[in-house]
Structures are given as C-alpha cells and as structure tokens.
Amino acid sequence: MYRFLLYEPIHEAGIRVLRAVGEVRMASSTDEDTIVKEIGDIDGVVVRAKGRVTRRVLEHAPRLKVVGRHGTGVDNIDLEAATEHGVQVVKTPEATTEAVAEHTVGLMLALSKKILQGDAGIRSGHFDVRYSLMGREMCGRILGVAGFGRIGRRVAQICHFGLGMPVLYYDVRPAPELERQLGARRLELHELLASAEYISVHVPLLPQTRGLIGEAEFALMRPDAMFFNTSRGPVVDEGALYRALAAGTIAGAGIDVYEEEPTPADNPLFGLDNVVLTPHMAAHTEEAMRRMSLVAEDLVSVLQGRKPRYPVNQLD
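If you want the numbering used here, it's the position in the sequence shown, counting the first as 1, plus 1213.
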C-alpha cells in the first residue's frame, strides 16, 4: 500500500485513483514546517498552486518517489533538488487549456464591453448608466499572443474563428501549422507589442521570462491596446502595469495572476476602472479540476514502475 499526501483538496476522480492503491492523507497546512513533519512516510505528493516542494521538504521525504503538479506551472517545485533525490515530477499540461483560454477571452469581452461597469450601475439603481458606457467590438482587431503554447494557441483559435481577429504571435519556436490554419504571423516581441490591439501573455515563469513585460514594453504598446495576463504574475512588472493604465499609455487590462498572491488589499490596481481583475481562478472549472486531479494516474504509474505520460524532469 502506498501513502499519498495532498497539499490541498483535489477532485474526487483523482482521489479514487489514489485510494485504489493506497492511503490518501490531507496535509494539515501547506506551510513548509508542517509539510516537513508530515511527509516522512509518504510515497507520492500532489501539489497545487499553494505551497512549495522545496529542497528542505525533499530532504525530509526518504520514501518519496513522485511529485504530481495539479496543473501546468512547476515554479513551486524545486526541480533540481527533486532530480538529485531521484524524485520524478509529473504535471497535467493539457488539463487547463480550455478553461484558461476561455477565461482569457472572457476578460477581453468584459473589458471591451464594459460589462462590470454596467452590472455595477444597474445594481445601484442607475439604469441610465447605459448612455455613458461605450464599449468596442473585437471583430477585426489585431490579437497578439506572447507565448504560443497550448493555451496561447487556443486563445488564438477562439479569437480568430469566433471573433474574426487577425493573429500575431511571439514564441521561441515557430508554429507553421497554426500559421497556415489561422493566417498567423510570427514576430519578435517588440514588434508584436507595437502592433497588437489585444495582447495576451501565455509564457511559463522561468528566469528568462520573469519581468518580461515592464516599463519599456508598455511604452511600445498602442494607446488603444488592451493587455491580458493569465500566465504567471511575476512575468509582468505590476508597478509598470499600474503606471501604464493610470497614465493612459494603454487602454485597459485583464489580470488573473499577480506578483504576490494573495495580492495585498492595498494593490493600486484596485483603484482603476480600466482593469478587470480575477483571483487566479482561470483554471477553476469543474472539467479542468477533474482533469488536473488525474495527475494521480501518473503518480501510480511511477510507483508501479511504468513511464508517466507527462514527466517534467529526467531521471537517470
């Protein structure tokens, strides 16, 4: 019988997979000290966005063979230490694609159509707010996607086929098939930022992408540009974003991720009316939660000596 530790609750579908081969425990807390105390006899871990699998945690986990990331980004797992300790890390790269892409487009629509202002107006008894709210259409406007992985590509497909938007993209790798399908053009980042009316960021958080969008990048954007980030907060300099929005350097923004999470109550973005904010919830759909929980299948595969579907690190 294997023993599994969940940092946070997961969908019942994943729990059933784990219970079929072992015991499932819930961590008392996701803070490092608690995890260190509770991981000593654990064979497999599932971690979500809250909490970290650090070198110290791994040093206190002599039985641990596999860590499953409930989601896509692995910036909260020390991959170098995991590899040194012979711990396989797995993730669910396809699980959140549709949820995050749809949420991104939802932010675009909410901002473009001033939906939040309309909702607030009618709830406060001001039906005539309709006369002061002027939205804009997305059809025909240029979409720029920075990071053309699964989610970025899906955003491009929805916007192109559903909303008639021409597509520009920036990525280290060309995507010729998508270029043919969407008529998309690959540009350097600075060219994309200067050209697009809707800019959506979908890059992983890596040393080279931290602070990717800052003061200089916002200065390149068109004054009618709307900016969206549903990837990772530290990819964007939040102070620079605030200044660009407050000064009218760009027209608006839709943000789901933040440099610090939970974001502080005094975040200056809260005082702006040209930004739509959500609390890192883009992947929170029933369907995506179920798919992410099935990282459990890869945990079982590793423990039973089979190759996982989605390995992150390479073990000797």
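No residue lacks a Cβ here, since even glycine has one placed at the ideal position from N, Cα and C.
Quickly, what does DSSP pair residue i with across the bridge? List them, please.
i: Tyr1383; result: Ala1359
i: Pro1306; result: The partner list for Pro1306 (beta bridge, DSSP) is empty, contrary to what the question assumes.
i: Ser1413; result: Val1358, Phe1441
i: Leu1490; result: Ile1468
i: Val1280; result: Val1258, Val1302
i: Arg1399; result: Tyr1382
Among the options, which one has its Cα closest to the Cα of residue i?
i: His1298; options: Asn1289, Ala1233, Val1270; result: Val1270
i: Glu1428; options: Asp1450, Arg1363, Tyr1411, Asp1332; result: Asp1450
i: Ala1323; options: Leu1482, Gly1348, Ala1409, Glu1474; result: Gly1348
i: Asp1469; options: Glu1245, Leu1490, Gly1461, Gly1396; result: Leu1490
i: Ala1294; options: Glu1272, Met1494, Val1358; result: Glu1272
i: Leu1391; options: His1493, Pro1379, Pro1492; result: Pro1379
i: Asn1487; options: Pro1477, His1497, Thr1462; result: Thr1462
i: His1316; options: His1339, Arg1282, Ser1444, Glu1401; result: Ser1444
i: Gly1446; options: Leu1419, Leu1458, Lys1304; result: Leu1419
i: Gln1394; options: Ala1369, Val1385, Ser1408; result: Ala1369
i: Thr1476; options: His1493, Leu1485, Gly1467, Ala1460; result: His1493
i: Gly1257; options: Arg1216, Glu1225, Ala1466; result: Arg1216
i: His1403; options: Leu1512, Arg1435, Thr1498, Val1279; result: Arg1435
Measuring CB to CB, does residue i end up less than 8 Å from residue j?
i: Val1260; j: Ile1290; result: yes
i: Gly1360; j: Val1313; result: no
i: Arg1363; j: Thr1296; result: no
i: Cys1372; j: Val1318; result: yes
i: Leu1277; j: Val1302; result: no
i: Ala1240; j: Leu1218; result: yes
i: Leu1454; j: Phe1483; result: no
i: Asn1526; j: Leu1292; result: yes
i: Asp1220; j: Gly1286; result: The amino acid at residue 1220 is misidentified as Asp; the sequence shows Tyr. No, the pair does not count as a contact, with Cβ atoms beyond the cut-off.
I believe residue i touches residue j by the beta-carbon criterion, under 8 Å. Please report the beta-carbon distance rounded to the nearest angstrom.
i: Gly1227; j: Ala1509; result: 4 Å
i: Met1439; j: Ala1464; result: 5 Å
i: Arg1366; j: Leu1381; result: That pair is no contact at about 13 Å.
Output the residue ranges of the beta strand (DSSP E) runs that lie fully inside the region 1215–1242 and measure 3 residues or longer, sorted by chain position. 1215–1219, 1235–1239
Please give the ranges of any alpha helix (DSSP H) in the region 1320–1346, keeping only runs that are unbroken, at least 4 residues long and fully inside the region. 1328–1336
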